[in-house]
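Chemist:
In the working numbering, the protein residues as written are 500 to 715.
#1: Are the region 525-534 and the region 547-564 touching, with three or more C-beta to C-beta distances below 8 Å?
#2: When burial is assigned at 16 or more other CB atoms within 10 Å of the CB, is residue 538 buried or exposed?
#3: Can you grab the Cα-Cα spacing for the pair residue 715 / residue 545, in whole Å?
#4: Thinking C-alpha only, which one of 586, 709, 593, 596 is nearest residue 606?
#5: So residue 648 packs on residue 667, CB below 8 Å; how close in whole Å?
#6: Which of helix, strand or coil does DSSP assign to residue 647?
#7: Could you tell me which of 561, 639, 699 sits nearest to residue 652, measuring between CA atoms?
#8: Compare the beta carbon distance of residue 533 and residue 507 with 8 Å and say whether it is the shorter of the two.
#9: Among 504, 571, 619, which residue has its Cα nearest to the Cα of residue 551?
#10: In its own chain, which residues sit with a C-beta less than 7 Å from the C-beta of residue 663, not counting the 5 before and 5 after it?
#11: Count the other CB atoms, across all protein chains shown, that sit within 10 Å of the CB of residue 598; report buried if there are 16 or more and exposed otherwise.
Below is the structure:
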């Protein structure tokens, strides 16, 4: 018997599903989502992009695609709570079905997750719950694992500890350093993100109280 439901998102009645992407850097994951969304069959499209700092390549990618953008720096607010509420309110303006943390390097707070928990997803360059935090590839390599990978998960209040949506393995090769390993992980991570976000948009998803995530 299925466990009780914590969150359920039905596929939108009028596709494509609306995605707000949050970015911090070059925006390669964002670009992959933009490219996928150009095909109506994908079922989802990025409608706005938010960043934690100005002048990054990801914002230029969004602007080149004709998308609205916004920048909210924590330093411009009296505290993280005020920043978190401002981020929540800015994202809400775009009525997203799904919020994708596409390389976003800030922890989302309670107010944001009360509004968008269950429909905010993030990727991590390791097979969670192993090696959470900022340096998943480095930590896996230092530990000596033979297989690592990437994880797509629903964002929760902790660090990389939300319910797992999907994972893919990446072997550690002889002679790998952090950069080589991380680059191979990122390639797999990007493909996984695009594939799974498309599935979620087209089919909906359910997060159960036992942390299981199902996509019909």
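Cβ atoms here follow ideal geometry from the backbone N, Cα and C, with glycine treated the same way.
Modeler: To lay it out plainly:
#1: yes
#2: The residue you call residue 538 lines up with position 39 of the chain shown. With fewer than 16 other Cβ atoms within 10 Å, it is exposed.
#3: In the chain shown, counting from the first residue as 1, residue 715 sits at position 216. In the chain shown, counting from the first residue as 1, residue 545 sits at position 46. Computed Cα separation, rounded: 22 Å.
#4: The count along the chain shown starts at 1 and reaches residue 606 at position 107. The candidate whose alpha carbon is nearest that of residue 606 is 586.
#5: Counted from its first residue, the chain shown places residue 648 at position 149. Counted from its first residue, the chain shown places residue 667 at position 168. Contact holds; Cβ gap of about 5 Å.
#6: For the purposes of this step, residue 647 is taken as residue 148 along the chain shown, with counting starting at 1. Correct three-state label for residue 647: strand.
#7: As a first step, residue 652 is located in the chain shown; it is residue number 153 there, counting from the start. Closest option to residue 652, Cα to Cα, is 699.
#8: Residue 533 sits at position 34 when you count from the first residue of the chain shown. Residue 507 sits at position 8 when you count from the first residue of the chain shown. Not a contact, by the Cβ cut-off of 8 Å.
#9: Numbered from its first residue, the chain shown carries residue 551 at position 52. Among 504, 571, 619, the Cα nearest to that of residue 551 belongs to 571.
#10: As a working note, residue 663 is residue 164 in the chain shown. Correct list, in chain order: 627, 650, 652, 712.
#11: One-based indexing of the chain shown puts residue 598 at position 99. Answer is buried; the Cβ neighbour count reaches 16.
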